[in-house]
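Numbering (this note's numbering), first residue to last: 312 to 1048.
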C-alpha cells in the first residue's frame, strides 16, 4: 500500500503531507482539512518513509483532538499509536516528569493542581499573610498573575525585578510562598506541567538530548495559540533533528489574554530560516456566502499573514441578522430560530449558540428550559468541578499523595468529624516542623489537641489506611466505591443537601467514569485515572451522541463545527468586549474571535444583537457591534432598517490597504440602503479636564486626564459607576455632553 492516500488530498494538502525535512509552516485556514493533513503526514512518515512511530511526537490543543487523531491513525495503520506520542503540551509534560522529574526534585507521583486547587491554596496563603492579603483583594487575580509569570518563564526573582508597583511586589512575595507550599504538598499546578520539563531540560542537557534525539519529527497543531513557555518546550524537543512541522492560522489566534503570542506564527520564518511555507486556503466546511462574510471581516485586521478562503461548495443562504429589544427578547428569538431549524430537519446536535461571556447564558437557558429544548453548556460548572465530585477526588488524591495539603484540608472534616480549621492548622504546623505529612503525624500520636479531636483524627486515619491499602491492589472504580462507602458519604449528602438526589447521581457517575476508564486503559489504577481527570478540558465535555443543543462561549467553540451557528450579543462593549476598545491588538483579537465564530458554521449563520441590555443592574441602550458593518451587504439579510451601527467607515466590495485601526480603505463603496452610521470621529473634539462625556459602553463620565495630541491623544475618564478607563480618543465611541 502506498501512503498517503493521494485521492483524498488536494495539491496543497499533499505538499504539506510530503514535505518532511526541516522546518515547515502550514497556514491552515478554517475548515481546510488540517486534521487530515496532520494524520496523513504521520501515516506517510511511518508507512512510506519507514520512520518508527517511536520517533514521532505530535502536540494537539485538546485531549479530545489527541484521542481522535490516535483513533484515525489506528484505523489506517493498526498498532501505530502504541509507541507514538500524541497529546497536549500538559499531557506530554506529565509523561516527561513521571519519567525524569526526580532529577529536579519532583517525586514520581506528584499531585496535579487544577485552577480550583491553586485558588484554594492561594486563599489559604492570603488568610495567613494578612498584610499582603489586604492589598490583594482577589485570589483569582493573584492566581492569574502567577500563571502569567510562569507562562513567560519568570521565576519569583525575575518577576520581582519587573514588578511595577507595591501591589505587584506583594504578589511576588506570595508567588514565592505559593511555590514553597506546592513543594511541601508534592504538587504541581497546571502551568508547572510545562514549566518544569523546560527547567529540567535547561539543567540536564543529557535528558534534553534523550528526548530531542528520540523525536526525529515534531508536529504542532494550533501553533498560533502557543505561549512563550510552550514555544521553549517545542524548541527543546525539536532541537536535535530540526524537523519541526507547525500548523496554525494567525486569523484564529484568540488566546492572547492568557499568554498566547500570535507573533510565534507571524515570525516563524525569521526564527527558522529555510522554512517551507504552505497555505491551505480551500475550505471544506462553509458555504461561499459565509466565507465571503468572514473573509471580509478579518481583512480589517492589520496583524496577519493574509489569505483568502475559498470553496467549491454552494453559495448557500445569506447570513441572517436578528434584532431584538433586549436580552430576554433575544433569547426568545434564539428559541424561535432553533425551533424553525428543527422543523427544517436539523437535529439539536447540529446547532450551537455562541456568546462572548458566560453571563449571557442565563437568559438563553431560562427560555430554552421553558421551551423544553434540551441543551448542554460547555465551559460552565463541569462535572469534575461539582462539589461532591471534588470531595471524592480529594480523597483519591490524598490516598495517592499523603502530602497533598489542599486535598487534606478539603476532606479531613467531610463528612464532619469535629476536626475544625483550628485543629487542622495546628496539625499542619506540627507536621511541617517535622517534615512529614499530617497523616504520619496522626499515626505517631505526638500531637496535642482535645481528646475528642484526637479520637476523631485517629478514626480518620484508620479509614484512610484502609483506602490506601485498597488502592495498591485494585482499580480506580473500586477505590472510589470504597471511599463513598467507608466515609458514609451518601448519608452525609442526604442529611445536608436538599438536592442530595442529583449529588448522589454525580457520585455514582464518577464511579461509572472510572469503570469506563478501566474498559479503555490497560493501566486502570487510581493514579492513572487521576492523571486522566486532571488533564480534562472544557471542550472534552462536548457530547455529540446525546443529541443536545450546544451553548458555549466563542473561545470554547475553537476547532468545532456545526450545521448552524447563532452568535448572540453582538453589541459594542460586549462583542467587541469593552476591555478591548482602546487597544488595537486586543480589538484585533476580538475580531479574530468573531471570525472563529463565523467559520464554525457549515450552512447557516445567525447574528443577533439587542437594542437594550441589563448590565450590572442598569438597563442600557446598546450600539450594534462594529463587526456587523464589516460584513458586505450582499452577504447579510434581516430587518435592520433604522439600525445605527458604530463603525467609522462604510464598507463596500473592494478593499485597498488599511488605516491605523486595521479598517480597510474602500474604493467604490456600495451605498447601504438600510444602515445608518453614527459617526464618533474625535478629530475635532478638544478634550479638557472636567468635561462631561458619554461613552457607548460605559455611559456617562468625567475627563480626569488628557495626554498626548493628534492621533495619540489619550483621555482618562472616571465613569459614574466608579470605574476609571484610558482611551485613545480618536477611536473611542464617545462624545461630549
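Glycine included, C-beta positions come from ideal geometry on N, C-alpha and C.
Computed from a prediction, not measured in an experiment: that's the story for all the values here.
In the DSSP assignment, residue 1045 forms a beta bridge with 1006. Fewer than three Cβ pairs drawn from the segment 906-916 and the segment 688-702 lie within less than 8 Å of each other, which leaves the two stretches out of contact.
For residue 395, same chain residues with a beta-carbon under 6 Å away, outside a window of 5 residues either side, are 364 and 367 in chain order. Excluding sequence positions up to five before and after residue 774, its CB lies within less than 8 Å of the CB of 797 and 798, all in the same chain and listed in chain order. Considering only 475, 625 and 352, the residue with the shortest C-alpha distance to residue 319 is 352.
Boundaries around residue 424 are those of the beta strand (DSSP E), 422-424, since no alpha helix (DSSP H) includes it.
The segment 381-394 makes no contact with the segment 481-493; the number of CB pairs closer than 8 Å stays below 3. The alpha-carbon separation between residue 564 and residue 338 amounts to approximately 12 Å. Burial check for residue 606: the Cβ neighbour count within 10 Å reaches 16 or more, so the residue is buried. Residue 1000 counts as exposed, since fewer than 16 other C-beta atoms from the protein chains shown sit within 10 angstroms of its C-beta.
In the structure shown, the three-state DSSP call for residue 622 is coil. Between residue 1017 and residue 1024, the C-beta gap is smaller than 9 Å, which places the two residues in contact.
Nearest Cα to residue 846 within the set 323, 377 and 356: 377.
Taking the CA atoms as reference points, residue 908 sits about 30 Å from residue 460. Taking C-beta atoms as the reference points, residue 895 and residue 938 fail to come closer than 9 Å. Boundaries of the beta strand (DSSP E) around residue 863: 860-864. Setting aside the 5 residues that flank it on each side, residue 497 is surrounded in the same chain by 418, 421, 712 and 714, each with a C-beta closer than 6 Å to its C-beta; the list follows chain order. Judged by DSSP in its simplified three-state form, residue 680 adopts helix. Between the alpha carbons of residue 815 and residue 688 lies a gap of roughly 21 Å.
With a 10 Å radius around the Cβ and a threshold of 16 neighbouring Cβ atoms, residue 477 comes out exposed. Counted as a single uninterrupted DSSP element, the alpha helix (DSSP H) harbouring residue 484 occupies residues 477-495.
Two segments are said to touch when three or more pairs of C-beta atoms, one from each, lie closer than 8 Å; by this definition the segment 339-347 touches the segment 554-563. Cβ contact annotation for residue 547 (same chain, cutoff 6 Å, sequence separation greater than five): 512 and 519, in chain order. Counting only unbroken stretches of 3 or more residues, the beta strand (DSSP E) elements lying wholly within the segment 878-921 are 912-921, in sequence order. For residue 636, the number of other beta carbons within 10 angstroms of its own is below 16, and it is reported as exposed. In the displayed model, residue 341 falls within coil according to three-state DSSP, outside both helix and strand.
One Cα belongs to residue 426, the other to residue 500, and the distance between them is close to 8 Å. Collapsing the DSSP output to three states places residue 743 in a helix.
Under the three-state reduction of DSSP, residue 389 is assigned to coil, being neither helix nor strand. The segment 725-740 makes no contact with the segment 855-867: fewer than 3 CB pairs, one atom from each, lie closer than 8 Å.
Pairwise C-beta distances place the segment 447-457 out of contact with the segment 516-534, as fewer than three of them are shorter than 8 Å. With 16 or more other Cβ atoms from the protein chains shown falling within 10 Å of its own Cβ, residue 887 counts as buried. Between residue 423 and residue 842, the CB-CB gap stays under 9 Å. Sequence-distant partners of residue 638 (beyond 5 residues in either direction) whose C-beta falls short of 7 Å from its own C-beta, in its chain, are 674, 921, 924 and 925. Selection 873, 571 and 495 evaluated against residue 746 yields 495 as nearest (Cα-Cα). Excluding sequence positions up to five before and after residue 726, its CB lies within less than 7 Å of the CB of 798, 799, 800 and 803, all in the same chain and listed in chain order.
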